[in-house]
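Visitor:
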Amino acid sequence: MSNNSEVKCPSCKEVFKVDDAVYTNIVMQVRDQQFDKELQNRLDANNRENTAALKLVEANITSFFKEQLVSKDNEINNLKLKSKDQLVVEVSKKQEEIRALQSKLEQAETQKKLELSDAIRGIEKEKDQLTNDLKSKETEKELLEKSLKEKFNDKLAHKDETLRLKEEEIERLKDYKQKLSTKMIGETLELHCETEFNKLRATAFQSAYFEKDNEASGGNKGDYIFKDSDQNGNEIVSIMFEMKNENDQTATKKKNEDFFAKLDKDRNDKGCEYAVLVSLLEADNELYNSGIVDVSYKYDKMYVIRPQFFIPMITLLRNAGMKSLEYKAELNIIRNQSIDISNFEEKINDFKSGFARNYDLASRQFKTAIDEIDKTMDHLQKTKDALLASVNNLRLANNKADDLTIKKLTYNNPTMQQKFKDI
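Heads up, the sequence shown is in our numbering, so the first residue is 31 and it goes up one at a time.
1) Would you kindly work out how many angstroms separate the C-alpha atoms of Glu127 and Val87, rounded to a whole number?
2) Identify the continuous beta strand (DSSP E) that holds Tyr239 and give its terminal residues.
3) Find out if the Cβ-Cβ distance for the pair Leu311, Lys285 is shorter than 8 Å.
4) The beta strand (DSSP E) that contains Phe256, what's its start and end?
5) If you reduce the DSSP assignment to three classes, tell me which class Asp103 lands in.
6) Sort Leu73, Leu221, Lys353 and Glu180 by Cα distance to Phe385 and report the nearest one.
7) How many Å lie between Lys96 and Ile106 at the Cα?
8) For Ala238, which residues of its own chain have a beta-carbon under 6 Å away from its beta-carbon, when the five flanking residues on both sides are left out?
9) Look up Phe340 in the DSSP assignment and say whether it is helix, strand or coil.
10) Quick one: what does DSSP say Asp74 is sitting in, helix, strand or coil?
11) Bridge partners of Met58, per DSSP?
12) The beta strand (DSSP E) spanning Glu272 covers which residue range?
13) Given Phe275, which residues of its chain have a CB within under 6 Å of its CB, disregarding the five upstream and five downstream residues?
14) Do Asp294 and Tyr329 count as a contact pair if the criterion is CB distance below 8 Å?
15) What residues in its chain sit with their C-beta under 7 Å from that of Ser326, if we drop five residues either side in the sequence?
16) Can you give the beta carbon distance from Leu355 to Ile266, rounded, assuming they're within the 8 Å contact cut?
17) Taking just the CA atoms, how far does Asp66 sit from Leu73?
18) Assuming Ala305 is part of the beta strand (DSSP E), what are its boundary residues?
19) Across which residues does DSSP place Met332 in a beta bridge pair?
20) Could you round the C-beta distance between Ile341 and Tyr357 to whole angstroms and report it? I think they count as a contact, below 8 Å.
21) Hey, how far is the Cα of Glu180 from the Cα of Gln159?
22) Kindly indicate which three-state DSSP category Val323 falls into: helix, strand or coil?
23) Could you check which residue in Lys300, Lys229, Leu195 and Asn228 has the C-alpha nearest to that of Glu245?
24) On the CB-based measure, 16 or more other CB atoms within 10 Å of its CB, does Lys213 come out buried or exposed?
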C-alpha cells in the first residue's frame with residue numbers, strides 16, 4: 031500500500047486519504063474486535079463446562095452422604111440394642127460396689143467408735159491430771175500471794191521510811207534556803223558576810239579594804255564599807271553595805287525598802303559609789319529571791335541581794351570598776367591632749383547598757399537557781415544548769431568589758447582619728 035491512499039467510506043460514501051499509520055491503526059482495531067469476540071465465546075464455553083461439572087460433583091456428593099447416613103442409622107440401631115444389655119450388667123456391678131462400700135463404712139464407724147471411746151478415756155484422765163495440777167497451782171498462788179503481800183508490806187514500810195526521810199530533807203532544804211547555805215557563823219548576818227569575804231581576801235581581794243563603818247556621820251553609819259584600789263592608789267570601786275537579818279527584827283516585820291533611804295544617805299555621806307543591802311527580810315518575796323535586784327530606779331546605784339550573792343556582787347562591781355578606771359585614765363590622757371570626746375559618753379552608755387543587759391540575764395538565771403532550791407533534791411541538777419548559764423552570762427559581761435578599748439570608743443570620731451594619726 032502506498033503512503034497516501036484514498037479510502038471510500040461504505041456508509042457515507044465519503045472518500046478520504048489515509049497514510050500507513052492510520053491504516054495500521056484501523057487494522058489493529060479490527061483485529062481487537064475479533065479477539066474480544068473469540069475470547070467471549072471461549073469464556074461462555076468454559077462456563078457451561080464448569081456448570082455441568084459442578085452439577086455432576088454435587089450429585090456424587092449427595093449420593094455419598096446418603097449412603098453414609100443410612101450406614102450410621104444402622105450403627106445407631108445396633109448400639110441401642112447393645113446398650114440395654116450393658117446397662118443391666120453395669121447396674122449389677124454398681125450395686126455390688128455399693129454393698130462393698132456400705133460394709134467398709136460400717137467397719138469405719140465401728141473403728142471410729144473405738145477410737146472415740148479411747149479418746150474420751152484419755153481426756154478424762156487428762157482432766158483429772160489438770161484438776162490436780164490446778165489445785166497445785168492454786169496452792170502455789172496462795173503461797174506467792176502471801177509472799178508478795180509480805181514483800182509489799184516491807185516495801186511499803188520502806189517507802190514510808192523513805193518518804194519520812196524525804197520530808198525531813200525537804201524541811202532541811204527549806205531551812206537551807208532560809209539560812210542560804212550558811213549556819214550564820216556566829217549569830218549575825220554581818221559576821222557571816224565578813225567570814226565569807228575573809229575566806230577570799232588573801233587570794234581575790236589582796237589590796238581591798240573591807241571593815242565595819244565605825245565613824246558615824248550625821249548620827250548614821252552603815253554596816254560595812256568595801257573599797258579597792260589599783261597599784262597607783264586610784265580607787266577602783268567603793269561599796270556601802272547594809273546587812274539586815276529577819277531574826278534581828280522585833281515582832282513588827284520590816285521591809286527592804288524601809289532601809290533604802292538611810293542606806294543611800296550613808297553611801298553619799300561616806301562618798302561610796304555603790305550601795306548594797308544584804309537582806310534576809312521578806313523571805314517569801316519572789317522579787318528579792320530572784321537574784322540581784324537593781325533598785326536604782328529609786329536610788330542611784332543601789333542593789334538588794336541575798337547573802338549567797340554577796341561575793342558575786344563584789345566581784346561584778348569591782349570588775350566593772352576596773353574597766354571604768356581604765357576608761358577614766360584613757361579619758362584623762364585624751365583630755366590632756368585636747369581631743370574631742372563628744373562621742374565618748376554615747377560609747378560608754380552603750381557599754382553600760384550591754385553590761386546591764388548581761389547583768390539582767392545573770393539575775394534571771396540566779397532567780398532560776400533560787401526557784402530550783404525550793405524544790406526537792408531531784409531538781410538540784412536543774413539548779414546547777416541555771417547557775418552554769420548564769421556564769422556564762424557573767425563571762426559574756428566580763429568579755430564585753432575586756433573587749434572595749436579606746437580605739438573602739440573613738441570609732442567614727444574624725445577629730446579623735448586625726449589626733450591619733452598626729453600622735
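The beta-carbon is built from N, C-alpha and C at its ideal position, and this holds for glycine as well. Owing to the predicted nature of the structure, the values given are computational and were not obtained by experimental measurement.
Guide: Quick look at the numbers:
1) Residue numbering aside, residue 127 sits at position 97 when the sequence shown is read from its first letter. Residue numbering aside, residue 87 sits at position 57 when the sequence shown is read from its first letter. A straight line joining the alpha-carbon of Glu127 with that of Val87 spans about 56 Å.
2) As a working note, residue 239 is residue 209 in the sequence shown. In the DSSP assignment, Tyr239 falls within the unbroken beta strand (DSSP E) covering Ala238 to Lys242.
3) Counted from its first residue, the sequence shown places residue 311 at position 281. Counted from its first residue, the sequence shown places residue 285 at position 255. In this structure, Lys285 lies closer than 8 Å to Leu311 by Cβ.
4) Position 226 of the sequence shown, counting from 1, holds the residue named residue 256. Phe256 -> beta strand (DSSP E) spans Tyr254 to Ser259.
5) Within the sequence shown, numbered from 1, the residue matching residue 103 stands at position 73. Helix at Asp103.
6) The sequence position of residue 385 within the sequence shown is 355, counting from 1. Looking at the Cα atoms, Lys353 is the closest of the given residues.
7) Taking the sequence shown and counting its residues from 1, one reaches residue 96 at position 66. Taking the sequence shown and counting its residues from 1, one reaches residue 106 at position 76. When rounded, the distance between both Cα atoms is 15 Å.
8) If you number the sequence shown from 1, residue 238 lands on position 208. Excluding positions up to five away in sequence, the list reads Asp258.
9) Here residue 340 corresponds to residue number 310 of the sequence shown, with the count starting at 1. Three-state result, Phe340: helix.
10) Position 44 of the sequence shown, counted from the start, is the residue given in the question as residue 74. Reduced to three states, the DSSP call for Asp74 is helix.
11) Residue 58 sits at position 28 when you count from the first residue of the sequence shown. DSSP output for Met58 lists no bridge partner at all.
12) By 1-based counting over the sequence shown, the position of residue 272 is 242. In this chain, the beta strand (DSSP E) harbouring Glu272 covers Glu265 to Lys274.
13) Your numbering for residue 275 matches position 245 in the sequence shown. Note that residue 275 corresponds to Asn in the displayed sequence, not to Phe. Excluding residues within five positions, the ones whose Cβ falls inside 6 Å are Leu219 and Leu310.
14) In the sequence shown, residue 329 corresponds to position 299, counting from 1. In the sequence shown, residue 294 corresponds to position 264, counting from 1. Yes.
15) By 1-based counting over the sequence shown, the position of residue 326 is 296. So the list reads Met332, once near-sequence residues are dropped.
16) For the purposes of this step, residue 355 is identified with residue 325 of the sequence shown, where counting begins at 1. For the purposes of this step, residue 266 is identified with residue 236 of the sequence shown, where counting begins at 1. Yes, Leu355 and Ile266 are in contact; Cβ-Cβ is about 5 Å, under 8 Å.
17) By one-based count along the sequence shown, residue 73 stands at place 43. By one-based count along the sequence shown, residue 66 stands at place 36. Between Leu73 and Asp66, the C-alpha separation is close to 10 Å.
18) Here residue 305 is taken as the residue at index 275 of the sequence shown, counted from 1. Unbroken beta strand (DSSP E) run through Ala305: Tyr304 to Ser309.
19) The residue given as residue 332 occupies position 302 in the sequence shown. Residue pairing by DSSP puts Met332 in a beta bridge opposite Ala305.
20) One-based indexing of the sequence shown puts residue 341 at position 311. One-based indexing of the sequence shown puts residue 357 at position 327. Ile341 to Tyr357, Cβ: 25 Å. No contact.
21) Taking the first residue of the sequence shown as position 1, residue 180 is located at position 150. Taking the first residue of the sequence shown as position 1, residue 159 is located at position 129. Rounded to whole angstroms, Glu180 to Gln159 spans 32 Å at the Cα level.
22) Indexing the sequence shown from 1 puts residue 323 at position 293. DSSP places Val323 in strand when its eight states are reduced to three.
23) Here residue 245 refers to the residue found at position 215 when the sequence shown is read from its first residue. Checking every option, the nearest Cα to that of Glu245 belongs to Lys300.
24) The sequence position of residue 213 within the sequence shown is 183, counting from 1. In this prediction, Lys213 scores a pLDDT of 42, lower than 50, which makes its location untrustworthy; no coordinate-derived value is stated.
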